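Single-structure report; data block below.
Number of protein chains: 4
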Amino acid sequence: MSNSFGSIFRITTFGESHGVGIGVIIDGCPAGVALAADEIQQALDRRRPGQSDLTTPRKEADQVEVLSGLFGGYTTGTPISLLIRNQDQASHDYSHIEHAYRPSHADYTYDQKYGRRDYRGGGRSSARETAARVAAGAVAAALLRTVGIRAQSYVSQVGAVAVPVGYEQLDLSLIDTNLVRCPHPETADRMAALIRQTRDRHDTVGGIVTGVALGVPVGLGEPVFDKLHAELGKAMLSINAVKGFEYGSGFAGTLLFGSEHNDAFYTDEAGLVRTRTNHSGGIQGGISNGQDIYFRVAFKPVATILQPQATINDQGEEIMLAGKGRHDPCVLPRAVPIVDAMTNLVLADMLLRARANKV
Amino acid sequence: MSNSFGSIFRITTFGESHGVGIGVIIDGCPAGVALAADEIQQALDRRRPGQSDLTTPRKEADQVEVLSGLFGGYTTGTPISLLIRNQDQASHDYSHIEHAYRPSHADYTYDQKYGRRDYRGGGRSSARETAARVAAGAVAAALLRTVGIRAQSYVSQVGAVAVPVGYEQLDLSLIDTNLVRCPHPETADRMAALIRQTRDRHDTVGGIVTGVALGVPVGLGEPVFDKLHAELGKAMLSINAVKGFEYGSGFAGTLLFGSEHNDAFYTDEAGLVRTRTNHSGGIQGGISNGQDIYFRVAFKPVATILQPQATINDQGEEIMLAGKGRHDPCVLPRAVPIVDAMTNLVLADMLLRARANKV
Amino acid sequence: MSNSFGSIFRITTFGESHGVGIGVIIDGCPAGVALAADEIQQALDRRRPGQSDLTTPRKEADQVEVLSGLFGGYTTGTPISLLIRNQDQASHDYSHIEHAYRPSHADYTYDQKYGRRDYRGGGRSSARETAARVAAGAVAAALLRTVGIRAQSYVSQVGAVAVPVGYEQLDLSLIDTNLVRCPHPETADRMAALIRQTRDRHDTVGGIVTGVALGVPVGLGEPVFDKLHAELGKAMLSINAVKGFEYGSGFAGTLLFGSEHNDAFYTDEAGLVRTRTNHSGGIQGGISNGQDIYFRVAFKPVATILQPQATINDQGEEIMLAGKGRHDPCVLPRAVPIVDAMTNLVLADMLLRARANKV
Amino acid sequence: MSNSFGSIFRITTFGESHGVGIGVIIDGCPAGVALAADEIQQALDRRRPGQSDLTTPRKEADQVEVLSGLFGGYTTGTPISLLIRNQDQASHDYSHIEHAYRPSHADYTYDQKYGRRDYRGGGRSSARETAARVAAGAVAAALLRTVGIRAQSYVSQVGAVAVPVGYEQLDLSLIDTNLVRCPHPETADRMAALIRQTRDRHDTVGGIVTGVALGVPVGLGEPVFDKLHAELGKAMLSINAVKGFEYGSGFAGTLLFGSEHNDAFYTDEAGLVRTRTNHSGGIQGGISNGQDIYFRVAFKPVATILQPQATINDQGEEIMLAGKGRHDPCVLPRAVPIVDAMTNLVLADMLLRARANKV
């Protein structure tokens with residue numbers, strides 16, 4: 003297993019979906035960053051289940067306890083440890099999956115790799131683990147705030163329902179004004195309708211989150227292997243259910259010729275270097291160039307569906323299995339704070355790494 | 003900078019495009035792997051410039067020298083160091099870019115981040131660095147051969163010309179039978195024609211490489227952060243000109259419902275666990291499940307075009323700049339061995355990491 | 003800060019002496035290791051304060067809570083998180099050191115490095131942090147038990163009172179039969195008397211712990227930098243109050259000639275390769291050679307003394323300061339489980355690293 | 003194997019004593035450090051064999067070639083790669099040790115761990131590997147020079163012949179004025195005589211190098227695991243033949259009471275915080291406190307002696323074996339530049355790590 007992420011600003015998460023709790027240690031955050039425990043809680047509230055009828059009806063308060071690293075409203079430079087106890091896990095029945103391999107879940111691979119697994123709700127492979135990331139992301143956001151960096155992601159597609167314009171034509175302050183977390187209100191309504199229809203059919207639907215990072219100074223990213231977009235890509239791909247990542251022009255950029263794709267430099271009226279287009283997505287040679295950073299993250303439809311499916315048990319025998327319990331018909335709205343968190347974690351690490359390499 | 007990749011099977015590359023040479027140290031390869039220096043050379047020959055009229059006419063022999071780590075045809079467990087001296091760099095004139103920032107290159111960001119750069123041909127940001135990766139990938143391939151793992155990638159799209167079928171309907175032994183490295187001969191011809199047209203227009207064109215890994219056993223991948231597809235994604239995104247990565251169903255999977263997307267398990271006649279579809283791309287919960295692994299990597303059109311473009315110099319003044327010299331109109335054919343190398347490097351590392359975690 | 007130790011079997015500790023609690027995440031322990039929570043508690047009980055009149059009278063139960071990673075009496079391969087809440091910290095008065103720099107403590111350096119510190123009882127620099135290491139060490143010990151490795155350290159010197167013979171002439175099963183943890187009963191009595199005299203004079207005394215590891219197979223250790231003794235040395239030097247480390251012949255070995263120092267190999271009656279002497283301390287070329295591993299760790303006298311001392315405050319003004327509260331006159335007895343824990347952590351990591359490098 | 007050292011300023015060495023050559027990649031050195039290739043050569047010249055009649059008569063020029071990372075007299079921020087080709091290895095006869103295990107060498111453990119070894123002169127376990135460290139150390143020294151840090155070690159003991167005073171009573175500018183590298187001329191003469199006597203008896207002798215680092219600012223060191231002295235200890239213990247490390251009062255400090263050992267703070271006339279004694283060795287809580295850093299490193303007598311010794315071959319049969327060839331009767335004089343190099347490497351890394359953790 004590898005439960006750490008980041009090089010200097012480094013997090014390590016722990017915990018199973020149905021054990022005592024989940025949590026995270028953040029090691030490497032500098033001393034002196036202003037941070038209230040309340041900010042961490044607010045980030046968690048954006049991700050917690052039970053927020054609306056579009057997400058799982060499972061209710062968990064996800065109350066965070068700060069175990070170390072904060073003193074008098076500031077980080078102390080020591081490890082920050084955060085604990086979120088599980089609450090809503092006791093009474094459920096997981097006997098139907100104790101010996102069954104749910105299709106497109108991690109049951110089979112965990113059993114094969116580890117020889118045993120905590121089958122209650124997915125154990126370590128559950129998306130519940132991402133709550134720890136969101137908590138850590140709030141600490142990263144506090145560090146980034148000191149230099150004016152701000153991550154803002156939103157739902158840009160659910161199934162085939164997509165926002166018709168790019169991020170730069172949207173008012174990102176509208177992201178949290180609807181249940182879907184899509185800043186294009188008309189599309190948000192259509193997305194919500196699709197999610198409700200899907201839920202009612204006992205099915206699930208996927209989609210795309212667009213990530214945006216504003217205020218990133220020139221110079222973040224560590225070629226040749228830890229290019230900024232390579233770290234962002236790994237961060238996003240490490241989130242449950244993610245199947246793809248592209249930045250700037252992405253896959254669509256393969257259809258352009260070089261003469262169309264290149265971003266011409268110019269100097270603006272304020273004397274700042276800028277580019278006329280931004281197919282580069284704010285990153286050139288793996289290093290931020292001062293323009294907006296944007297990327298897209300593909301989420302598959304959730305694997306747990308409340309319909310019978312053919313599969314096998316741990317004896318290799320074919321069985322029929324239907325999901326039980328309370329699950330998200332669409333993870334996209336709750337994925338937004340997770341994408342924000344991972345963006346913040348990557349940028350915080352890169353910020354500190356850039357500082358380490360100045361004479 | 004970060005010039006190392008991998009955790010246990012770990013490589014560190016060095017060298018500039020126009021300095022003395024480039025090379026790599028491979029640390030962590032077990033002792034006793036059969037490996038001839040010739041295998042490394044053959045891998046490099048697939049990547050070297052000047053192979054055909056579809057790539058740069060620049061000729062470099064890319065002759066590898068083994069400095070350490072091999073003895074009597076086997077690895078010794080000590081670091082394997084490989085050096086490729088530069089040969090074709092002396093006589094060229096780079097004065098036109100010494101003070102200019104080429105559009106969509108790393109010139110501007112390197113200057114800002116490091117305060118100085120070796121402007122001759124891109125220095126460290128040049129794709130020439132990938133020769134060191136290819137050399138290291140040959141060592142990884144030798145290790146993987148001992149357990150039957152084999153990486154095979156091919157060009158599946160150039161501009162808008164795409165192979166009409168999936169990898170599983172292709173004969174992958176045809177990959178190296180044409181200049182494009184596309185195992186669908188008819189499409190390969192159309193791709194070659196498009197590349198030649200683009201070259202003659204002094205432009206460049208991008209495309210997609212499809213990566214395939216066969217024979218991967220169940221159990222490779224280290225959740226929750228170092229999921230197999232997350233490491234593959236980072237590896238591919240660290241290659242010059244890559245803009246996107248998707249595995250299995252990828253971005254297209256966002257258009258399916260869960261009931262369509264899930265891969266049903268069954269037991270085949272030989273008693274092996276398999277899935278009826280493979281939207282998972284051979285990876286579930288970040289761990290290989292024994293099915294074929296496949297993914298797609300998007301390459302932008304090369305930024306260097308032999309046409310005048312508007313840009314700025316290092317004083318911020320607007321200038322016109324045209325590329326000079328001998329460049330690839332399309333990197334896709336030469337990207338195939340690089341994708342193979344990075345696939346091998348990821349899998350070799352994951353193989354050793356899996357071994358470390360057995361009781 | 004760097005609060006992680008180990009490469010594959012990797013721990014990360016957190017917590018301040020007077021905050022909510024301290025704890026540790028163990029990442030990289032294989033699945034399937036038999037381990038009862040009770041074993042962790044027993045290890046902590048050996049280290050906890052208030053065990054006898056030779057140590058601090060401060061009483062802390064040091065009750066461990068397992069937050070994750072164990073299921074049904076076995077490790078699951080997921081991160082093992084352990085939490086020890088602080089109990090005895092509330093009522094004390096630390097105002098006398100809020101602005102004072104205690105001599106030979108970390109107050110001054112922490113203030114200078116981090117710009118702020120939790121002055122209550124040393125914060126992160128307190129030896130209380132080692133409780134987390136001891137808890138983690140119990141997990142490492144459970145892993146090592148599966149291959150027959152056993153760490154056993156003891157107090158070999160307090161002040162000038164030293165055990166007159168080497169470890170191989172002692173009955174190590176006597177270690178825990180006296181308060182000092184010295185398996186030479188007569189010397190243990192003299193050590194205890196010295197500690198009591200020192201305590202009564204409001205002073206402190208240092209000493210030496212001898213570490214022994216039995217049953218270590220040939221082949222642990224990763225040259226050239228992570229030699230087994232180099233990792234052991236770092237591990238021991240990272241313990242509070244440690245000033246020196248030597249293994250095998252150590253500093254005394256510098257007085258021998260090569261012809262006296264070399265360990266002659268022979269084959270014993272059972273066909274095992276052995277050495278007639280063991281100046282090498284069981285390690286040759288940084289790799290265990292199958293003989294007993296032994297080393298010595300020097301602990302300075304505790305810096306907190308209940309006598310007035312000249313020092314400065316955080317304004318640079320000279321002041322007189324006397325320690326308050328309940329402190330150890332000698333840390334050696336409680337250092338024994340810490341040395342054991344660090345030995346186990348190094349060996350567990352090296353065991354897994356060795357497994358990773360087999361073809 | 004683990005052939006990398008350092009976290010941000012990170013080196014990876016390669017090469018065998020009798021292969022093509024040895025070398026090092028330095029990754030993480032900031033751009034803009036003034037460094038002439040000649041400085042690297044000078045450092046190597048201090049370590050090379052054949053300098054005097056006190057060391058091995060083997061002559062090797064140890065000519066360094068800079069393969070990358072320097073441009074116009076400055077570091078570029080890209081990896082610095084250095085290669086030293088082997089020269090004097092061709093004609094020797096190693097057949098007598100191909101199947102023999104030399105006492106107190108790494109032959110046996112390497113064979114057991116790796117299953118094969120390059121038996122020519124020790125292969126990777128040869129002290130020749132330290133030439134790569136010395137070359138890298140020169141780069142670290144150039145970085146440290148920018149902030150006024152300077153490492154200076156010297157031979158303080160050979161066999162039982164010891165310098166009678168501490169480093170602070172010596173004129174360190176005398177270190178290189180004699181063949182032994184001991185700045186106490188009278189003692190140096192006695193050391194030289196002892197080495198010559200030992201050589202003439204076909205024996206070897208060990209000793210102690212005292213390391214000193216001057217000009218280290220407050221704040222270097224990363225508790226709780228990567229304490230400055232813990233990293234120095236690991237660095238020194240990773241050098242061939244080292245058996246022990248102590249800093250400040252070291253093992254002798256265990257004989258003092260706390261009231262004698264504590265270093266009283268005061269403010270000097272210039273307003274600087276200082277300590278009246280320096281038993282702390284310039285490090286408190288694992289962090290440099292601005293006072294001089296000093297430590298001692300114990301080297302065993304070289305294992306290769308030109309006398310017959312009992313040992314076994316790789317079939318376990320007992321044989322007699324005598325060293326052949328040209329070896330050092332005492333490594334201490336040549337160990338000085340190695341200790342300096344490792345000191346510089348640790349401090350350079352810690353300097354950059356400290357920079358990464360400022361808000």
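Protein chains in written order, with our numbering: chain A, 3 to 361; chain B, 3 to 361; chain C, 3 to 361; chain D, 3 to 361. For glycine and all other residues, C-beta sits at the position ideal for the given N, C-alpha and C. Since the structure is predicted, the reported quantities are computational estimates derived from the model, not experimental observations.
| query | result |
| --- | --- |
| Among Leu353(B), His263(B), Met344(B), the one whose alpha carbon lies nearest that of glycine 235(B) | Met344(B) |
| Validate contact between the region 332-350 of chain B and the region 141-161 of chain B using beta carbons, cut 8 Å, 3 pairs | yes |
| Assigned exposure category for threonine 148(A) - 16 Cβ within 10 Å defines buried | exposed |
| Coil, strand or helix - phenylalanine 11(A) by DSSP | coil |
| Residues of its chain near glutamate 224(B), where Cβ-Cβ distance is below 6 Å and the 5 sequence neighbours each way are ignored | Arg355 |
| Reference leucine 196(D), options Pro32(D), Arg48(D), Pro335(D), closest by Cα | Pro335(D) |
| Isoleucine 285(A) vs histidine 231(A) beta-carbon contact at 9 Å | yes |
| Contact with chain D by isoleucine 10(A), beta-carbon distance below 9 Å | yes |
| Cβ-Cβ distance between serine 70(C) and glycine 17(A) below 9 Å | yes |
| Outcome for glutamate 248(C) when other beta-carbon atoms lying within 10 angstroms are tallied against a minimum of 16 | buried |
| Beta carbon proximity, alanine 358(A) to chain D, threshold 9 Å | yes |
| Same chain, Cβ closer than 7 Å to threonine 269(C), five either side skipped, listed in chain order | Val275 |
| Amino acids of chain A, ordered along the chain, whose beta-carbon sits closer than 9 Å to that of arginine 355(D) | Ile10, Ala358 |
| Residue from Ser240(C), Leu174(C), Leu72(C) with nearest C-alpha to alanine 129(C) | Ser240(C) |
| Enclosing beta strand (DSSP E) for arginine 328(D) [first to last residue] | Note, arginine 328(D): premise wrong, no beta strand (DSSP E); not H, not E. |
| Residue from Thr58(B), Gly117(B), Ile42(B), Tyr121(B) with nearest C-alpha to serine 83(B) | Ile42(B) |
| Outcome for arginine 126(C) when other beta-carbon atoms lying within 10 angstroms are tallied against a minimum of 16 | buried |
| Residues within the region 342-353 of chain D neighbouring chain B, beta-carbon criterion of under 7 Å | none |
| Contact residues within the region 254-268 of chain C, judged by C-beta distance below 9 Å to chain D | Ala254, Gly255, Thr256, Leu257, Leu258, Phe259, Gly260, Ser261, Glu262, His263, Asn264, Asp265, Ala266, Phe267, Tyr268 |
| Neighbourhood of isoleucine 13(C) by C-beta, 6 Å cutoff - its chain only, sequence neighbours within 5 removed | Phe7, Val26, Ile28, Ala138 |
| Neighbour-count burial assignment, glutamine 2(C), 16 or more Cβ in a 10 Å radius | Chain C is shown only over 3 to 361; residue 2(C) falls outside these bounds and no answer can be derived. |
| Contact under 9 Å by Cβ, aspartate 294(D) with proline 105(C) | no |
| Helix, strand or coil at proline 32(B) according to DSSP, with G and I counted as helix | coil |
| Neighbour list for proline 32(C) in chain B, Cβ cutoff strictly below 9 Å | Ala358, Asn359, Lys360, Val361 |
| Residues of the region 209-239 of chain A with Cβ closer than 7 Å to any Cβ of chain D, in chain order | none |
| Proximity test, Cβ basis, 9 Å: leucine 69(B) and chain D | yes |
| Residue interval of the beta strand (DSSP E) (run including serine 155(D)) | 152-160 |
| Straight-line Cα distance separating alanine 143(A) from phenylalanine 11(A) | 12 Å |
| Contact set for glycine 318(A): own chain, Cβ-Cβ below 8 Å, skip 5 residues either direction | none |
| Endpoints, the beta strand (DSSP E) within which lysine 61(B) is located | Looking at the DSSP string, lysine 61(B) is not in any beta strand (DSSP E), and its letter there is neither H nor E. |
| Contacts around proline 59(B), its chain only, beta-carbon distance under 7 Å, and the 5 residues preceding and following it disregarded | Gly52, Arg328 |
| Spatial distance of glycine 117(A) from glycine 221(B) (CA atoms) | 11 Å |
| Local conformation of isoleucine 82(B) per DSSP, three classes | strand |
| 8 Å contact criterion, which glutamate 131(B) and threonine 15(B) should meet: CB distance rounded | 6 Å |
| Start-to-end residues for the alpha helix (DSSP H) that takes in threonine 111(C) | 109-116 |
| Residues near alanine 237(C) by beta carbon distance below 6 Å, same chain, minus five either side | Met344, Val348 |
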